[in-house]
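Novice:
Numbering (my numbering), first residue to last: 6 to 253.
1) Is it true that the CB of residue 203 sits closer than 8 angstroms to the CB of residue 177?
2) Can you check DSSP and say which residues form a bridge with residue 223?
3) List the residues that DSSP assigns as beta-bridge partners of residue 107.
4) Using only the alpha-carbon positions, how far apart do residue 211 and residue 238 sit?
5) Of all the options 73, 34, 45, 66, which has the alpha carbon lying nearest to the alpha carbon of residue 54?
6) If the criterion is Cβ atoms closer than 8 angstroms, does the pair residue 229 and residue 185 meet it?
7) Starting from residue 50, trace the beta strand (DSSP E) in both directions and tell me its first and last residue.
8) Given that a residue counts as buried once 16 or more other Cβ atoms are within 10 Å of its Cβ, and exposed if not, what is residue 125?
9) According to DSSP, which residues form a beta bridge with residue 117?
10) Using beta-carbon positions only, say whether residue 205 and residue 234 come within less than 8 angstroms of one another.
11) If I'm right that residue 139 touches residue 116 with Cβ under 8 angstroms, what's the distance once you round it to whole angstroms?
12) So residue 243 is in the alpha helix (DSSP H); what residue range does that whole segment cover?
13) Please state whether the Cβ-Cβ distance between residue 7 and residue 98 is less than 8 angstroms.
14) So does the stretch 14-29 actually touch the stretch 43-52, counting three or more Cβ pairs closer than 8 angstroms?
15) What are the start and end residues of the beta strand (DSSP E) that includes residue 233?
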C-alpha cells in the first residue's frame, strides 16, 4: 500500500453511489464490502452497493464507469495528468522514492500488482514517486484480484525464473481481504513456492478513535489468512532486515 485512497477511490465510490441513488454510503459500509474479499474493483463495488440499496434499474456499466472516472480523474484518464481535476489530486503518499531504493539495497526485488487503472498507477509510481519503469501489472492487464494471475506473472519476472521450490520466497502486501486471498490462491496454483501474505489496515482506520474499527478490520485480515499484520508499509524494511526475510 503506497497511497491513501480514502479521499480519492473511496470518495469516488461514495459520490458514484450518491449520483445514482441519492444515498452516500459511510466508510464502514465500504469496509464491510471490502471485507468480503470479492469487491477489489471499485467500479464493481459501487454497482454492488447500488444493488444492495435496492436501486432499480441499475445503471448501465459504461455509465457508472464514466461517472466514477469523472469524480476520480476529473479529466481524460489517457490525457495530460496536469489537466486532471478529480479526487486523484488528494492522495497522500505513504512511502517515498527512497523507500524503494532501501528495498533494493536489502537485495529485494519489488513490483506492483494494482487494481487501479494503468494511468492512475503510472501517475503515482512514475510522476509522484519518481520511479523509472517500475514493474507493474494494473487493472485490465490481468484478471482482478483475488485471481492470482497477475501476482504470479510479476513474481516470476522479478525472480528471473519459473516459480516453484527453487525460486526465492514471494511476499505480497495489501490492505484488503482480496489481497490476502490472492496470496492464498497463488499457493494453490504453485504449491512448491513459498508465499507470504502481509497485510496492513487502510490509513483511515489508523486515526484516533478508530481503534475498535481497526481491530475488527485486522481480525478480518487475520481470519482471511494474513501471515503478518503490519502497522505501516514502511515496516517491511524492518521485516526484510530480519534474518531470512521473504522477498517481495
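Backbone N, C-alpha and C fix where the C-beta goes; we use that ideal spot for every residue, glycine too. Just so we're clear, the structure is a prediction, and the values are computed from it rather than from any experiment.
Specialist: In brief:
1) yes
2) None; residue 223 has no bridge partner.
3) According to DSSP, which records beta bridges pairwise, residue 107 is partnered with nothing at all.
4) In a straight line, the C-alpha of residue 211 is about 13 angstroms away from that of residue 238.
5) 34
6) yes
7) Here residue 50 belongs to no beta strand (DSSP E); instead the alpha helix (DSSP H) covers 47-58.
8) buried
9) 141
10) yes
11) Contact holds; Cβ gap of about 7 angstroms.
12) 240-246
13) yes
14) yes
15) 233-235
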